[in-house]
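Asks: So that we are looking at the same thing, I have put the structure below in C-alpha cells.
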Amino acid sequence: MKEEVEQYLREHNIHYVNHEHEPVFTSQIAEKVCKDIPGVHCKNLFLKAKKTGKLYLYTLPSTQRADLKALAKKVGVKHFSLGSAELLRQILHVEPGSVSPLTLIYESAKDVVFLIDKQVWEADIVGFHPNENTATLEMTREEFHKLVEMFCQETVIV
C-alpha cells in the first residue's frame, strides 16, 4: 500500500516527507509516537449515511473529538454510522486503523465524499498515514490541496 501511494505521489509531482514509525492504531498512541513530526496530525473516519448508504471520509485533527450528530446536521445527513471493515477494505483498500485521505486515490473510492475539518484544510502542514499505520507523510497545505483536487469528486470543508 505505502509503495503504491508513494508511487502515485511521485507520478503526480506531490512533495512530501516520509516519517517511518512503529504501528499506531489510535489517535492517542499516534500523539505519543508522532509527537516530533510537524504539522496538524489527522484522524479519519469512514462513514455511511444510514438512510441513503452514501459514503464519506471525515478527516479532522487527531486531538479533536468527532461529533457525528453535529457533522450530520452540518452536511444535511440524518444519521451517520461507521462504515464496516468489509466496506472499508472493498472501497478504500485498507484495514481499520490505516484510513487516510490517500485512500481516495483508488477508483473504487470515486463516489466517497471527502469531509475535511477547516482546521486541517487551512493548516500550513498536515500529517497522515500513507494507507499504512507504520508511517506518517508530512505535506504542505499547497501540496495537500493540489492532491485533493486530483482525486476528490466532492470535497466539503466543515
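Just add 2 to wherever you are in the sequence shown, counting from 1, and you've got our numbering.
Each residue gets a CB set at the ideal place from its N, CA and C atoms; glycine is no exception.
Please give me, in chain order, every unbroken run of the beta strand (DSSP E) with length at least 3 that falls completely inside the stretch 9-95.
Replies: Runs of the beta strand (DSSP E) inside the stretch 9-95: 19-22, 42-51, 57-63, 82-84.
Asks: How close, in whole Å, do the beta carbons of Val-114 and Leu-106 come, if the pair is a contact with beta carbons under 8 Å?
Replies: About 6 Å separates the two Cβ atoms, so the contact holds.
Asks: What span of residues does the alpha helix (DSSP H) with Val-115 cover, start to end?
Replies: That residue, Val-115, is in no alpha helix (DSSP H); its beta strand (DSSP E) goes 115-118.
Asks: Helix or strand or just coil, what does DSSP make of Thr-142?
Replies: It is a strand residue.
Asks: Drop a sphere of 10 angstroms on the beta-carbon of Thr-65, count the other beta-carbons inside from all chains shown, and report buried for 16 or more, exposed for fewer.
Replies: Looking at its Cβ environment, which holds fewer than 16 other Cβ atoms inside 10 Å, Thr-65 is exposed.
Asks: Excluding sequence positions up to five away, which residues of its chain have a Cβ less than 7 Å from the Cβ of Ala-74?
Replies: Lys-80, His-81, Phe-82.
Asks: Could you spell out the range, first to last residue, of the beta strand (DSSP E) harbouring Ile-127?
Replies: Unbroken beta strand (DSSP E) run through Ile-127: 127-130.
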